[in-house]
Every structure is written in C-alpha cells, then in structure tokens.
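Asker:
There are 2 protein chains.
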Amino acid sequence: MTNLPRKDLFEMPEGLIYLDGNSLGPLPKSVPAKLAQVVNDEWGQHLIRGWNVDDWMGQPVSIADRMGHLIGAAPGTCVLGDTLSLKVHQALSAALVLRPGRKTVLSDTGNFPTDLYMAQGLIRQLDQGHELKTVAPEEVADHITEDVAVVMLTHVDYRTGRMHDMAAITERAHAAGAVMIWDLAHSAGAVPVDLEGCRAEFAVGCTYKYINAGPGSPAFIYVRPDVSGEVFPALSGWLGHEAPFAFDPDYRPGPGIERFRVGTPPVLQVAALDAALDAWDGVEMEDIRRASVALCEQFIAEVEARVPALTLASPRDASQRGSQVSFHFEHGYAAMQALIARNVIGDFRAPDIMRFGFTPLYLGPEDVTGAVDILAKVMDGKLWDRPEYHARSRVT
Amino acid sequence: MTNLPRKDLFEMPEGLIYLDGNSLGPLPKSVPAKLAQVVNDEWGQHLIRGWNVDDWMGQPVSIADRMGHLIGAAPGTCVLGDTLSLKVHQALSAALVLRPGRKTVLSDTGNFPTDLYMAQGLIRQLDQGHELKTVAPEEVADHITEDVAVVMLTHVDYRTGRMHDMAAITERAHAAGAVMIWDLAHSAGAVPVDLEGCRAEFAVGCTYKYINAGPGSPAFIYVRPDVSGEVFPALSGWLGHEAPFAFDPDYRPGPGIERFRVGTPPVLQVAALDAALDAWDGVEMEDIRRASVALCEQFIAEVEARVPALTLASPRDASQRGSQVSFHFEHGYAAMQALIARNVIGDFRAPDIMRFGFTPLYLGPEDVTGAVDILAKVMDGKLWDRPEYHARSRVT
Chain U
601 MTNLPRKDLF
611 EMPEGLIYLD
621 GNSLGPLPKS
631 VPAKLAQVVN
641 DEWGQHLIRG
651 WNVDDWMGQP
661 VSIADRMGHL
671 IGAAPGTCVL
681 GDTLSLKVHQ
691 ALSAALVLRP
701 GRKTVLSDTG
711 NFPTDLYMAQ
721 GLIRQLDQGH
731 ELKTVAPEEV
741 ADHITEDVAV
751 VMLTHVDYRT
761 GRMHDMAAIT
771 ERAHAAGAVM
781 IWDLAHSAGA
791 VPVDLEGCRA
801 EFAVGCTYKY
811 INAGPGSPAF
821 IYVRPDVSGE
831 VFPALSGWLG
841 HEAPFAFDPD
851 YRPGPGIERF
861 RVGTPPVLQV
871 AALDAALDAW
881 DGVEMEDIRR
891 ASVALCEQFI
901 AEVEARVPAL
911 TLASPRDASQ
921 RGSQVSFHFE
931 HGYAAMQALI
941 ARNVIGDFRA
951 PDIMRFGFTP
961 LYLGPEDVTG
971 AVDILAKVMD
981 GKLWDRPEYH
991 ARSRVT
Chain H
601 MTNLPRKDLF
611 EMPEGLIYLD
621 GNSLGPLPKS
631 VPAKLAQVVN
641 DEWGQHLIRG
651 WNVDDWMGQP
661 VSIADRMGHL
671 IGAAPGTCVL
681 GDTLSLKVHQ
691 ALSAALVLRP
701 GRKTVLSDTG
711 NFPTDLYMAQ
721 GLIRQLDQGH
731 ELKTVAPEEV
741 ADHITEDVAV
751 VMLTHVDYRT
761 GRMHDMAAIT
771 ERAHAAGAVM
781 IWDLAHSAGA
791 VPVDLEGCRA
801 EFAVGCTYKY
811 INAGPGSPAF
821 IYVRPDVSGE
831 VFPALSGWLG
841 HEAPFAFDPD
851 YRPGPGIERF
861 RVGTPPVLQV
871 AALDAALDAW
881 DGVEMEDIRR
891 ASVALCEQFI
901 AEVEARVPAL
911 TLASPRDASQ
921 RGSQVSFHFE
931 HGYAAMQALI
941 ARNVIGDFRA
951 PDIMRFGFTP
961 LYLGPEDVTG
971 AVDILAKVMD
981 GKLWDRPEYH
991 ARSRVT
C-alpha cells in the first residue's frame, strides 16, 4: 500500500493550500536538478550528440512507457508529443478513416471545448459531410447508433468532475460499430484507468495536471496496438516516418505507435516529465483513488456543513466523480479570487462553478479542513463582495 | 556594427569545434539561470497563477516578436508553438482554402522531407484531388503556372545550402495567383530574411538551429497580417479561440495571428528561447551575413587547397548559399564519424554529403582553420577507413 501523501517530494509555497492540481500540478522537487542536468550536461556538453547518447530520440516512447501504469497502457502503446488538442486531431482524423461510411462524431456537452473545437476544425477542413453531434452526458449511450463513426468523450468532466463509465460506453460504442476516443486530461494520475481492459481504440491526455510535469508539458496519445499499424497518419511528420534519417522524399509510416510522432520532441519538457514521474514510483492508482475519494467526501461534508450558500455541482456518488469537487455559487468568480488572496487556490469555470482538485500525492485531510476554514471566513464575512475580486484576468 | 563572434555568451566543451549549429545550436550561458528562475520562482511559487502574473499566456506572441528582426517580421505577425511540421500543416491547409479552385502544391526536391511528408499527409487526408508536384530547385520558377495553388519551399536547402531568391520567387508566385509558403528552418538567424518586404503569405521555421533555443524548442509561424484574419484555421485549438476562457462550445477564431495558436504553450522551452534571444540583442543580420560569408569562403578555400578528395556540393557563389557548406565524399559518413571522434562536429546527409554549418555568433576564423587541420589529418591518414566509423547510429 502506498504511503500518502508524499508532501516531501513537492515544492509548495509556505502556507499555501493548493487545490488546483487538476489544472497545473506543483513542482516536484526532482525537476530542477534533472533539468539542469539535461541542459548543462546533455545539451551543453553533448550538443547534437544528445539525440543518440542521451536517447532524446527514444524518449517520447520510453518515457510514455513510464507512465503506462497510470492509465493501464502496455509498453509501446503510447507516445508523447505536441499538445492534447493536436492529439485529438490525430485520433479523430484516424478514427474517421477507419469508418469511411459513417458521418457522425458523437460527443457530449461536458467535453472540454478544445476537443469540440478540434473536431469542428477537422470536419470543416475535410469537407466530407461529417457532423459533430453533442448531447447531454447522461444521454450519450442512447445516442450511440449505427450511423456513429466515432464516440469522442472526456472521461472526467472538467467543470463538475462527473465521470463516464469508460468500460460500459466503450462496449456500447463497439457494439454499434463505432470507434472510441477517450480524453484522459482529468483522469491520468487522478483515477484508475484501464485502457487495455476497455479496448478503446484511442486515448489522449496531458501531463501537466495530475502528473505534475509542468506548464506546457507534452501530451500523449494511446493507440490500441492492432489499430496503430492500420492507420495512415494525417499529421505525417518525419519522426513518424519508417526511417526518418533516410530523408526519403515519400512518407512511409513507421511501425505501430511510432507513426503518431510528428516533429522534434520537446526535450526539456520531456525531461521535466521524466523527473515528475519519480513521484509516481511505486504508487498504486487504487491507493490514490481511495485517498482521493476520502478527501473529496471530507470536503463535501465540511462545505455543506459550514458553507450553505454553496451547492454541490459534482455528482454526490463518489463512484461517478473524478478527483475534483465543484460547487455552484452565483458570485463564484469573486469568491474564488477572495480565496486565492487568502492562499487557498482553486479555480473558477463559467458561469458559476468554484472548482477544487484533490490530489493525494501532496494533499492530506488537514489541507481540506484548512481550505474550508478559509472558505467559511470568506463566505461568512461576504469578503467576495469587495471590488478588487471582481476584475477579470485573462486566464481565470 | 556587431562585434562578432560573441563566444563568451555560449557554453562550448573545451577543444570542440562545433560546425553543427545548423542542426542544433549550442547552449547559451543565459539559459540555465532563466530556466531555473521559471521553474523555481514561476512554476514552483506561482503555480497556476503563472499564466497571468508571468504572462505565460502572452509569450507565444511576445517572444516571437523578440525574434522578429531576425526574419523581417513586424510585431504581432508571428506566433510560437508546436513543431515546424505542424506549422507546415497549418500554413498549407490555410493556403489551400485560399485557392479553392486550384489543385497543385508546387515544391522542390531540395525541400526538407517533413515538409513534403506533411503535404502528402494533408493531401491524402483532404481527399480533394490535390497533387504535390516536386521539381528540381532551379526549375521551380518555370513551373509556377496558373494551376498552382501554393508554392511551398525551404529557403535554404538542408543538404547543400543552396538558397532560393525569396523576393523573386514570391513575386513569381503572386504573379501567377499562387500563395507562397517559406520554410525558414535554415534561414532564421542564418541569413537576412525580409518577410514584410517579400509579401509572402506564410512562413514557418524552427528555433533550435541558428537561434540556439535548445532541443525541441518551439517552432514559429508567420502569417501576413491581411491574410491571417481571412483564414479559418484547420487546427482550431482553444488557445486560438477568440475567448479561450469563455469555454464556448463553438470555435470562433481569435484575431489575426492569435488564431494560429493551438494548445498550451511549452512554457519551459519558450523560456529557453527567451534566454537564447539575449545573445541576439543588438545583432544586425547584415553583420551576421558578412561574417558568415567570410567563414564559408575561408572554409571552401582551405578545404579545396588541402583536401582534394572532397568536392563542393554547395553553390560556389556566396550569394546563392546560406550559412553552411557541404562537400561530397564517397565515404562521407565514416569520415564524419572520424572527424567527430576528433572533436570537430559536422554532420552527414545521405548519400554522400558532409555538412558544416557556420555560425558567426560563436565561431571565428581560427575555428575554420582548426577544423580543416583535423579534416586534412583524417583524409591524409585515411582514418575514416577504420571499422568503428562505419557503424550507423539511429540519428546521423
């Protein structure tokens, strides 16, 4: 059993209660030294030779393998690179080719906007009569009909934490002959995921949230092994070529997951991810889940007992919730600013959601109580009503 | 006038003569402290607030502006992100939409393979009858006919250093009603480029070669201001949305160049680029060019005088050459390995090209002579004939 939390592995400003690891994880203490080593010793001393001697070239697969146990992916089925938005484009583009006779992409209104935007852009670009259909999350299963080419969903809703039943929906999609794409942005490192078991064709995700790999860390794409070799990739970049350094004029896709590489990997960001994964060594996702549920339940109970103005936006049933808890409050934006000014960091999502992430790697029950103490003060004193908390910043 | 070289601004292993800055630039001394500051102070202390207080969100444009003088781009016309391959996809996809009635993408056999691969993948994905036509570099102008939708070229040939006349070809493309895309991978920071003056619609490039921003540093895309607002981007990610944090379900493109953003910017790699640009402060590209031509001419003269087995693969006329010099040699791969083993780093490109980059920011005439001394020893002694220099590594 994993001993949690592991606070000593993370930098955390004195007195801060950080409930926004679902947006950007904190700095693992292992990162600065690793980055300094890669910069000074590898880039600085090896220069171009780093691609070989430090295996910069192999890392997008080898370091993706290091995080495989967080998402139930076998070695060699994931590759790092680019951003989640681009990985959605790759997965969806490939999925549509796998179902040439079907024109519907089914998603839900709880999907993260960039997934929907990338689908809209791709559909417009292809100009082949595809349609993006979005339904309410609870109605997805009923809309998986035989005209659906692809079901594309985010596993855990970014606003409410509502969690889809990955196994059941994937099974339903496959029964209807549709391809399944899961976005694991709010799942990887947050809740147990069994990609191999559910047999989804594609999954995508990012590593800067629960995995703590830093701002702008690389995304990943998982492709089921029997599918990856069947797809001619749309974003056919040279590092996905069968022989990138042969400099052939014609693209020939590399074996399996390799063909989902595009361009030069972001070596410094990959190094930060590598170091961030140290904090996950020996961690069982079941233990993370148990601790996460306990923190979330505690938070809900304490908020409901002490802060009645907030109403729960997340599912009450822990089994249908990811690793975050959200509450509705009419003045949620200002209240969150007032909280942040008092060293409790969560975030706000329009129109009225105050969102709090619970990350058992570095949070314990004392943090939950400390956060609710301050939340109660902000609400009891109507501190959110001060004008300075109403100015909108660009990123909220 | 810029005082060159500025060797004190770069880390360089003792005794190494580095002639591969056209592939990966060396470590600027300003980078480690900048990275440590961004990691420890911004990520570590500000956490999610870094997007606002440290302007991580604005940097893809503001730091692209810092490099604008290297490529003749006005502020607000470039944005950083992703990889060059993806920027090719963005530019080409947008260009084809601008010329709906035309089906030919014209390029040349000297283009870098990933540009051709990305075009092949996009054409296949679109399935709208487009054709990629590649002709010999010197025949490009003659093939710019009225059926050409897009002329897509790399300004400086990665193998030979042969340089296109950017102004003349762009003018020819426009006269025929075609859209122009320039790949500046081997030009940015290497030779003067005047994007504003030549009126090309699109340019793309990378920052890890002559700009020295490190392995996997972000690419850039330039879009002519009157064009950027006309294009609905194919890779329509949330950070290119008019209001990314409104979380609208529908994509609405942001103003101008902003719509060519896709996903979360790679903050650590952007920080390294920002620091690398310090070495370019006050540098005039005309001074770089003058010094670059002098180094290249010196190298050609010394090699031809002392190493007759090598035959020049680059244009002899400096005005038609970028900032690299290449020679043919039948056993070029092994000879390059033998050189590298003796601390002179260039690289090899199939089938028989030994390639040497000249970068006046950190190289002086003494480095040229030193490199030729060792090259002459390797060739005179047939040192390349040893078996250890014939084993192929993955990246050559």
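Heads up: the sequence lines are chains U and H, in that order. Residues in the first sequence are numbered from 601 upward in steps of one, following this note's numbering. Residues in the second sequence are numbered from 601 upward in steps of one, following this note's numbering. Glycine is no exception: its CB is placed at the ideal position from the N, C-alpha and C atoms. Computed from a prediction, not measured in an experiment: that's the story for all the values here.
Taking the CB atoms as reference points, tell me whether valine 756 of chain U and methionine 766 of chain U lie closer together than 7 Å.
Answerer: No, the Cβ-Cβ distance between valine 756 of chain U and methionine 766 of chain U is not below 7 Å.
Asker: Under DSSP, the alpha helix (DSSP H) around valine 867 of chain H begins and ends at which residues?
Answerer: Here the alpha helix (DSSP H) through valine 867 of chain H covers 867-876.
Asker: When the distance is taken between beta carbons, is glycine 829 of chain H closer than 7 Å to tyrosine 810 of chain H?
Answerer: It is not a contact, given that the beta carbons lie outside the stated cut-off.
Asker: Per DSSP, leucine 717 of chain U is paired with what?
Answerer: The identity of residue 717 of chain U in the sequence shown is tyrosine, whereas the question assumes leucine. None, per the DSSP bridge assignment.
Asker: Considering only their Cβ atoms, is the gap separating glycine 681 of chain H from proline 660 of chain H smaller than 7 Å?
Answerer: Against a cut-off of 7 Å, the Cβ pair of glycine 681 of chain H and proline 660 of chain H comes out as a contact.
Asker: Given a threshold of 16 other Cβ atoms within 10 Å of its Cβ, counted over all protein chains shown, does methionine 979 of chain H qualify as buried or as exposed?
Answerer: So methionine 979 of chain H counts as buried.
Asker: Can you tell me the Cα-Cα spacing of glutamine 937 of chain U and aspartate 947 of chain U, whole angstroms?
Answerer: Between glutamine 937 of chain U and aspartate 947 of chain U, the C-alpha separation is close to 8 Å.
Asker: Please classify glycine 981 of chain H: is it buried, with 16 or more other beta-carbons within 10 angstroms of its beta-carbon, or exposed?
Answerer: Flag for glycine 981 of chain H reads exposed.
Asker: Can you pull the chain U neighbours of phenylalanine 832 of chain H, defined as C-beta to C-beta under 9 Å?
Answerer: Under the 9 Å cutoff, chain U gives Gly721, Arg724 and Gln725.
Asker: For leucine 983 of chain H and alanine 971 of chain H, I'd like the C-alpha separation in whole angstroms.
Answerer: Near 15 Å, if we compare the C-alpha coordinates of alanine 971 of chain H and leucine 983 of chain H.
Asker: Taking beta-carbon pairs under 7 Å, can you tell me which members of the segment 630-647 of chain U lie near chain H?
Answerer: Listed by position, the residues of the segment 630-647 of chain U near chain H (Cβ gap below 7 Å) are Val631, Pro632, Leu635, Ala636, Val639, Asn640, Trp643, Gly644, Gln645 and Leu647.
Asker: If you follow the beta strand (DSSP E) that tyrosine 822 of chain U is in, where does it begin and where does it stop?
Answerer: That run of the beta strand (DSSP E) goes 820-823.
Asker: Look at the alpha carbon of methionine 718 of chain H and the alpha carbon of arginine 852 of chain U, and state the distance between them as a whole number of angstroms.
Answerer: When rounded, the distance between both Cα atoms is 12 Å.
Asker: Pull up the distance between the alpha-carbon of glutamate 897 of chain U and that of tryptophan 838 of chain H, whole angstroms please.
Answerer: If you take the alpha carbons of glutamate 897 of chain U and tryptophan 838 of chain H, they lie about 32 Å apart.
Asker: Ignoring anything shorter than 4 residues, give me the alpha helix (DSSP H) runs that lie fully in the segment 923-970 of chain H, in order along the chain.
Answerer: Runs found: 932-941.
Asker: Using a Cβ-Cβ cut-off of 6 Å (strictly less than) and excluding sequence neighbours within five positions of asparagine 812 of chain U, which residues of its own chain qualify?
Answerer: Here the set comprises Gly625, Pro628 and Ala876.
Asker: What are the boundary residues of the alpha helix (DSSP H) that serine 707 of chain H is part of?
Answerer: No alpha helix (DSSP H) holds serine 707 of chain H; the beta strand (DSSP E) holding it covers 704-708.
Asker: Is DSSP giving histidine 755 of chain H helix, strand or coil here?
Answerer: Three-state DSSP puts histidine 755 of chain H in coil, outside helix and strand.
Asker: Pull up the distance between the alpha-carbon of arginine 666 of chain H and that of valine 791 of chain H, whole angstroms please.
Answerer: Answer to the nearest angstrom: the Cα atoms are 17 Å apart.
Asker: Is the CB of tyrosine 851 of chain U under 7 Å away from at least one CB in chain H?
Answerer: Judged by the 7 Å Cβ criterion, tyrosine 851 of chain U is in contact with chain H.
Asker: Give me the residue from H/Leu604, H/Phe610, H/Gly882 and H/Tyr618 with the minimum Cα distance to glutamine 998 of chain H.
Answerer: With chain H covering only 601 through 996, there is no way to say anything about residue 998 of chain H.
Asker: Return the bridge partner residues of leucine 912 of chain U from the DSSP annotation.
Answerer: Its beta-bridge partners are U/Phe927.
Asker: Mark threonine 745 of chain U as exposed unless 16 or more other C-beta atoms lie within 10 angstroms of its C-beta, in which case mark it buried.
Answerer: So threonine 745 of chain U ends up on the exposed side.
Asker: For the ligand SAH, I want to know if glycine 882 of chain U counts as a neighbour, meaning its beta carbon is within less than 6 Å of at least one of the ligand's heavy atoms.
Answerer: Absent from the structure shown: the ligand SAH. Ligands present: none.
Asker: For leucine 895 of chain U versus proline 605 of chain U, is the C-beta distance shorter than 7 Å?
Answerer: No, these two residues do not count as a Cβ contact at 7 Å.
Asker: For a test of the three-state rule: what should DSSP assign to histidine 841 of chain U, helix, strand or coil?
Answerer: Of the three classes helix, strand and coil, the one that applies to histidine 841 of chain U here is strand, per DSSP.
Asker: Using 8 Å for Cβ pairs, my map puts glutamine 869 of chain H next to leucine 635 of chain U. What's the rounded Cβ distance?
Answerer: At roughly 11 Å, the Cβ-Cβ gap does not stay under 8 Å, so glutamine 869 of chain H and leucine 635 of chain U are not in contact.
Asker: Under 9 Å between beta-carbons, which chain U residues line up against aspartate 826 of chain H? List them in chain order, please.
Answerer: Simply none; closest approach about 22 Å.
Asker: Would you check if the distance between the CB atom of threonine 638 of chain H and the CB atom of alanine 871 of chain H is smaller than 7 Å?
Answerer: Reading off the sequence shown, one finds valine at residue 638 of chain H, where the question assumed threonine. Contact: yes.
Asker: What three-state label does DSSP hand arginine 762 of chain H in the structure shown?
Answerer: DSSP places arginine 762 of chain H in strand when its eight states are reduced to three.
Asker: Does the CB of aspartate 620 of chain U have a neighbour CB from chain H at under 7 Å?
Answerer: Taking Cβ atoms only, chain H reaches closer than 7 Å to aspartate 620 of chain U, which makes this a yes.
Asker: Using 7 Å as the threshold, is the C-beta distance between glycine 922 of chain U and aspartate 620 of chain U below it?
Answerer: No. Outside cutoff.
Asker: Assign methionine 601 of chain H to buried or exposed, taking buried as 16 or more other Cβ atoms, counted over all protein chains shown, within 10 Å of its Cβ.
Answerer: By the 10 Å Cβ count, methionine 601 of chain H comes out exposed.
Asker: For the beta strand (DSSP E) containing lysine 687 of chain H, list its first residue and its last residue.
Answerer: Premise fails: lysine 687 of chain H lies in the alpha helix (DSSP H), 684-698, not in any beta strand (DSSP E).
Asker: Let's test the definition: count the other Cβ atoms within 10 Å of the Cβ of valine 968 of chain H and tell me whether it reaches 16, buried, or not, exposed.
Answerer: Buried, because 16 or more other Cβ atoms sit within 10 Å of the Cβ of valine 968 of chain H.
Asker: Determine the DSSP secondary structure at methionine 885 of chain U, reduced to helix, strand or coil.
Answerer: DSSP places methionine 885 of chain U in helix when its eight states are reduced to three.
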